[in-house]
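Participant:
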Amino acid sequence: MNVMSKKIDAALKDLKRALKAHAEVVGGSAVSLKKAQRASSKVTATATAYAAAVHAKSGMGNPFDDMAPPGLERATLDSLSAERDSLHKRLTGPIDIPKK
Numbered sequence: 183m184n185v186m187s188k189k190i191d192a193a194l195k196d197l198k199r200a201l202k203a204h205a206e207v208v209g210g211s212a213v214s215l216k217k218a219q220r221a222s223s224k225v226t227a228t229a230t231a232y233a234a235a236v237h238a239k240s241g242m243g244n245p246f247d248d249m250a251p252p253g254l255e256r257a258t259l260d261s262l263s264a265e266r267d268s269l270h271k272r273l274t275g276p277i278d279i280p281k282k
């Protein structure tokens with residue numbers, strides 16, 4: 183029998199509820215932008231909480247890391263990732279102070 187931790191189980195239930203609510207909001211004939219954004223935000227928050235619970239229990243990484251946002255091409259995502267990594271390297275690396 184597979185027993186989940188209570189925190190993972192609770193986070194999973196919250197995520198399922200958020201996904202169901204999201205599907206109900208965006209699956210209708212008239213979609214309210216405000217409601218859709220709120221529902222999307224709730225899905226994001228609960229997915230983050232689920233990933234944190236999994237990491238705290240098992241040390242495993244975020245199961246959603248490889249998900250590509252819809253609408254962006256792989257080349258754009260790769261370019262944005264490279265830019266992010268470059269900025270991170272510049273901001274966290276040694277500071278180059280020019281001599282006078």
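Per this note's numbering, the very first residue in the sequence shown carries number 183; after that it's consecutive. Ideal Cβ placement from N, Cα and C applies to all residues, glycine included.
Measure how close the beta-carbons of His204 and Val236 come, nearest whole angstrom, since I'm counting them as under 8 Å.
Facilitator: The count along the sequence shown starts at 1 and reaches residue 204 at position 22. The count along the sequence shown starts at 1 and reaches residue 236 at position 54. The pair is not a contact, with the Cβ atoms about 20 Å apart (cut-off 8 Å).
Participant: To the nearest angstrom, how far is the alpha carbon of Ile279 from that of Leu273?
Facilitator: Position 97 of the sequence shown holds residue 279. Position 91 of the sequence shown holds residue 273. Looking at the two C-alpha atoms, the distance is approximately 14 Å.
Participant: Count the other C-beta atoms from every protein chain shown that fall within 10 angstroms of the C-beta of Ala212, then say buried if there are 16 or more, exposed otherwise.
Facilitator: Taking the first residue of the sequence shown as 1, we reach residue 212 at position 30. Per the 10 Å Cβ criterion, exposed.
Participant: Give me the Cβ distance between Ala229 and Leu197, rounded to the nearest whole Å; I'm assuming they're in contact under 8 Å.
Facilitator: Position 47 of the sequence shown holds residue 229. Position 15 of the sequence shown holds residue 197. The Cβ separation is near 6 Å, so the contact holds.
Participant: According to DSSP, is Lys216 part of a helix, a strand, or is it coil?
Facilitator: For the purposes of this step, residue 216 is taken as residue 34 along the sequence shown, with counting starting at 1. Reduced to three states, the DSSP call for Lys216 is helix.
Participant: Take the Cβ of Ala238 as the centre, count every other Cβ of all protein chains shown within 10 Å, and call the residue buried at 16 or more, exposed below.
Facilitator: In the sequence shown, counting from the first residue as 1, residue 238 sits at position 56. Burial call: exposed.
Participant: Does Ala264 pass the burial test, meaning 16 or more other C-beta atoms within 10 Å, or should it be called exposed?
Facilitator: Stepping through the sequence shown from its first residue, residue 264 is reached at position 82. So Ala264 counts as exposed.
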